[in-house]
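One structure is given below, encoded as structure tokens.
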Amino acid sequence: RRVVKENNVDISEIKGSGKGGRVMKEDVMTYLANGRQATAAPKRADVSALTTPTFAKAAIPKGEDKLVGLSMIQKAMFKQMTKSLSIPHFGFADEIILDNTIAFRTALNAHVAKSPVEYNFKKVSYMPIFIKALSIALDEYPIMNACLIDSDDASAAKLKYRASHNIGVAMDTPNGLIVPNIKNVQNLSVLEIATELTRLQEAGKRNAIPMADLQEGTISLSNVGMIGGTYLNPVVVTSSVAIAAVGKTQRLPRFKMIEEDGKMVERVVAQEIMNVSWSADHRVIDGATMARFSQVWKNVIENPFLLGAMLR
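As numbered in our numbering, residues 101 to 412 make up the sequence shown, in order.
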């Protein structure tokens, strides 16, 4: 009213935007700004219409939907993973420094290069070293190589401790994921393990892994880090109490005590780091056992000279 009075405005010439056509201060100011021409403030519907975003038309999908039955491997995985859902999982993760392991592998491959006709592979990968180190850790913690019998009933459940270290290795084949195992790793050298692993990998490429190699596994190791990923979440199967998955190797900065001028000083150095993720059946494997077992495995990998020292 004050603005109307001060500017000698005829309020009847102004279209109000308020409730019931009530003239608001903003209406008067708009009227004056427009040279005293009757202009109503835009209604809420008008404002929303002006600010409504424009969306591109949804892309029309190419082709048609189709139903496809599960492959034999997918059916087996479906059944096994469904059973695995009944297992309470305990997870444990750590990192392993591979600097010494790299040097050890380099020495192995130098030996292999001198005897090319003796082996069915040209180079040893890290997996045979990891697998043999795992077998040594199983000697100290045999429960990690066990399996549960009659696990549906706690009063009848039993642990079967298995003497053979039949270590499974997850493989990506043309037909999908399978986990053959290397039998009696406790009796094999790193080079013998490499020979068996190469045999299984070549058979996997042809989808021709014998059924015997897929049976009686006791514990498994997945090297999905070859594709990518660091920390993972492997799934325990009913025939085992634990499984490990290793991630990709990365060159990362770490603190390390090194000798300088006869003194030990702490410095930041670049090291080759690999992450490992464990899952264990928490009905029978507690966290402390899992951690101690993993530390033994880690220690052997980080100090591969122990592979020779622990041979019987």
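Yeah, the Cβ is synthetic: ideal placement off N, Cα and C, and Gly gets one too.
- Counted as a single uninterrupted DSSP element, the beta strand (DSSP E) harbouring Glu195 occupies residues 189-197.
- DSSP, reduced to helix, strand and coil, places Phe230 within a helical segment of the structure shown.
- At least 7 Å separates the beta-carbon of Asn220 from that of Ile319.
- Collapsing the DSSP output to three states places Arg392 in a helix.
- Pro334 places its beta carbon less than 7 Å from that of Ala345.
- Lys348 sits close to Gly328, with the two beta carbons spaced by under 7 Å.
- DSSP, read as helix, strand or coil, puts Arg354 in strand.
- In this structure, Val290 lies near Lys232, with their beta-carbon atoms less than 7 Å apart.
- Thr338 is a Cβ neighbour of Lys183, given a cutoff of 7 Å.
- A direct Cα-Cα distance of roughly 7 Å separates Asn200 from Pro404.
- Rounded to the nearest whole angstrom, the C-alpha separation of His265 and Asn307 is 24 Å.
- Where Ala257 is concerned, there is no enclosing beta strand (DSSP E), because DSSP gives it neither an H nor an E.
- Judged by DSSP in its simplified three-state form, Lys162 adopts coil rather than helix or strand.
- Selection Leu234, Gln315, Arg262, Leu167 evaluated against Phe393 yields Leu234 as nearest (Cα-Cα).
- In the DSSP annotation of this structure, the continuous segment of the alpha helix (DSSP H) that includes Glu292 starts and ends at 290-305.
- In the DSSP assignment, the residues bridged to Met271 are Ile278.
- In the DSSP assignment, Ala133 falls within the unbroken alpha helix (DSSP H) covering 125-133.
- Lys166 and Gln174 have their alpha carbons spaced roughly 17 Å apart.
- Counting only the Cα atoms, Pro280 lies some 7 Å from Leu300.
- Pairing Glu359 with Thr295, the inter-Cα distance amounts to about 40 Å.
- Take Asn107, set aside five residues on each side of it, and the residues of its chain with a beta-carbon closer than 8 Å to its own are Val128, Leu132, in chain order.
- Boundaries for Met364: no alpha helix (DSSP H) harbours it, while the beta strand (DSSP E) harbouring it runs 363-381, taken from the DSSP string.
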